Amino acid sequence: MKFSLNPSTTSVLHLNLTLGAERKTIFKAFTSAESMKQWWLGDGAQSVTVKSSPKTGGEWFLQYRTPGGTAVTQEGEWRSVSEDMLVLNLGPDSLHKQDGGTLVTIELRKGEGGKTLLSLTQEGLADGVAQERQRKEWIARLDRLSKAVA
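Residue numbering for the sequence shown follows the numbering used here, starting at 605 and increasing by one per position.
Here it is, written out as structure tokens:
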């Protein structure tokens with residue numbers, strides 16, 4: 605699956621990043637529940653429960669409390685899983701319920717010197733406000749991932 609999207613479309617978010625770790629390490633970081641606990645959520649998240657069954661139709665589940673005490677549950681389903689592409693359908697139940705369900709595609713390509721080129725696309729965002737909120741959250745999340753795999 606290859607995306608060629610208009611960057612001004614507000615229902616879609618697209619980010620690219622080079623990570624200083626091999627593709628198999630990044631793959632594990634996205635698919636292993638224990639690995640996700642190390643980087644997915646920001647500081648102050650409490651009572652973190654993560655479940656991930658990385659296979660087509662497999663479960664993806666995240667439950668935690670924000671630093672302010674808000675309980676958040678997010679469920680999803682792996683739509684496709686391969687060493688170079690992960691596709692995850694995230695359900696509408698999340699901290700931002702008004703954003704609805706979205707489809708997240710993570711492409712992983714081998715880079716030079718053991719690095720990984722990551723391309724992330726999130727489709728189905730409600731509007732420009734949701735797109736900007738998700739952009740900020742993904743940038744912070746990917747920054748934590750970059751530090752966790754360094």
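All residues carry an ideal CB built from backbone N, CA and C; glycine is no exception. Keep in mind that this is a model prediction, so the values were computed, not measured.
Indicate whether the contact test is met: 3 or more Cβ pairs, each with one atom in the region 724 to 732 and one in the region 638 to 651, closer than 8 Å. Too few Cβ pairs lie closer than 8 Å, so no.
From Phe665 to Leu645, what does the alpha carbon distance come to, in whole angstroms? The residue given as residue 665 occupies position 61 in the sequence shown. The residue given as residue 645 occupies position 41 in the sequence shown. Going from the Cα of Phe665 to the Cα of Leu645 covers about 13 Å.
From what residue to what residue does the alpha helix (DSSP H) around Lys641 run? Taking the first residue of the sequence shown as position 1, residue 641 is located at position 37. Counting along the chain, the alpha helix (DSSP H) containing Lys641 begins and ends at 637 to 641.
Give the C-beta separation of Val691 and Leu707 to the nearest angstrom, bearing in mind that I take them to be a contact with Cβ-Cβ under 8 Å. The sequence position of residue 691 within the sequence shown is 87, counting from 1. The sequence position of residue 707 within the sequence shown is 103, counting from 1. Contact flag correct, Cβ pair sits at about 7 Å.
Distance between beta carbons of Thr635 and Pro658, contact taken as under 8 Å: Your numbering for residue 658 matches position 54 in the sequence shown. Your numbering for residue 635 matches position 31 in the sequence shown. Taking a contact as a CB-CB distance under 8 Å, the pair Pro658 and Thr635 counts as one, their CB atoms being some 4 Å apart.
Excluding the 5 residues flanking Gln702 on each side, which residues of the same chain have their C-beta closer than 8 Å to its C-beta? The residue you call residue 702 lines up with position 98 of the sequence shown. Note that Gln702 scores 47 on pLDDT, short of 50, meaning its location in the model is unreliable; the coordinates nonetheless yield the value given after this. These residues qualify, in order along the chain: Ala730, Ala734.
Can you say whether Lys655 is buried or exposed, counting buried as having 16 or more other CB atoms within 10 angstroms of its CB? Counting from one through the sequence shown, the residue named residue 655 turns up at place 51. Exposed: under 16 other Cβ atoms inside 10 Å.
Using the Cα positions of Leu623 and Gln650, report the straight-line distance between them to the nearest angstrom. Locating residue 623 in the sequence shown gives position 19, counting from the first residue. Locating residue 650 in the sequence shown gives position 46, counting from the first residue. Between the alpha carbons of Leu623 and Gln650 lies a distance of about 27 Å.
Mapping the DSSP letters down to three states, classify Gly728 as helix, strand or coil. Here the question's residue 728 lines up with position 124 in the sequence shown. The answer is coil: DSSP assigns Gly728 none of H, G, I, E or B.
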